[in-house]
Amino acid sequence: IPASVIYYDTTYSVTSIGDKAFEDRSYLTSVTIPNSVTSIGERAFGLCTSLTSITIPNSVTSIEYRAFEGCSSLTSVTIGNSVTSIGERAFQDCSSLTSITIPESVTSIEYQAFIGCSSLKNIIWNAKNCPHNTSAYSGPFYEISSQITSFIFGDSVECIPRYLCYKMDSLTNINIPNSVKSIEEYAFEGCSSITSITIPNNVTSIGSAFRDCNSLSSVIWNAENCSDDSSPFHNISSQITSFIFGDNV
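Using the working numbering, the letters of the sequence shown correspond one by one to residues 2 to 250.
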């Protein structure tokens, strides 16, 4: 895709990839998006079933509704560090995608962004402050949560949204970085294979985050000034056998 085009002797910058621009181009195997592009439109690459990789440059700020839906051969996606919004079902049915990194800049991931990504197992989550999901069904990893085996939080994350890791029952380990200030309700509900958790010292707000984590038995609590009283260990308190408070609590 060129960074500019000439039309009637006038040069125009290519700043967006329009809705359905390359939809259903099953012969398309690769694409290079120039740094002039700031948005990728609805269904722009939908059903490009031979597309194997995509690098979204740092100039792009939004990936719209179903932009890459049905790109079933897509094994590699690099999302640039200026993207703030990922639209509803943006990567639906990208069934060959095994891992994804959400950049720090992202402040919105819409309804079921990765639904149908049947091979997706590894998530790196760097989003600093991404608003919470309104329900478990609206989360980005809805219907594929049980297949996620690795979920890594970056060192810049300040808020872990509601329902983010809901029912990721194949996760055995979660490391919450010291940058985190709030853990929303139900963030890890149903993560039934996690056995231990450490709450870092900067956390000031925590909801019923670990509800129904049925294997959780060990807690290290370093939160210095956490005033919330919404029972982060709701339904599992009787199974906790080790609860250690840090020296600065």
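Cβ coordinates follow ideal geometry from the N, Cα and C atoms, glycine included.
Residue of the options minimising C-alpha distance to residue i
i: residue 237; options: 246, 205, 99, 197; result: 197
i: residue 163; options: 25, 78, 209; result: 209
i: residue 217; options: 227, 244, 225; result: 244
i: residue 98; options: 14, 199, 168, 75; result: 75
i: residue 202; options: 246, 174, 193, 235; result: 246
i: residue 159; options: 176, 147, 143, 181; result: 181
i: residue 233; options: 184, 226, 5; result: 184
i: residue 108; options: 3, 117, 62; result: 62
i: residue 156; options: 214, 80, 60, 129; result: 129
i: residue 188; options: 117, 166, 10; result: 166
i: residue 173; options: 192, 186, 179; result: 192
i: residue 58; options: 194, 17, 175; result: 17
i: residue 119; options: 110, 213, 95; result: 95
i: residue 250; options: 240, 222, 195, 235; result: 222
i: residue 102; options: 84, 112, 117, 194; result: 84
Identity of the residues DSSP links to residue i by a beta bridge
i: residue 214; result: Note: residue 214 sits in no beta bridge, so no partner.
i: residue 160; result: 183
i: residue 206; result: 183
i: residue 11; result: 8
Where residue i sits in the DSSP three-state scheme
i: residue 143; result: coil
i: residue 138; result: helix
i: residue 239; result: helix
C-beta atoms of residue i and residue j nearer than 7 Å
i: residue 65; j: residue 47; result: no
i: residue 149; j: residue 122; result: yes
i: residue 104; j: residue 127; result: yes
i: residue 171; j: residue 151; result: no
i: residue 50; j: residue 73; result: yes
i: residue 56; j: residue 79; result: yes
i: residue 4; j: residue 37; result: yes
i: residue 106; j: residue 82; result: yes
Is it true that the region 86-95 meets the region 130-137, where meeting means three or more beta-carbon pairs spaced less than 8 Å apart?
no
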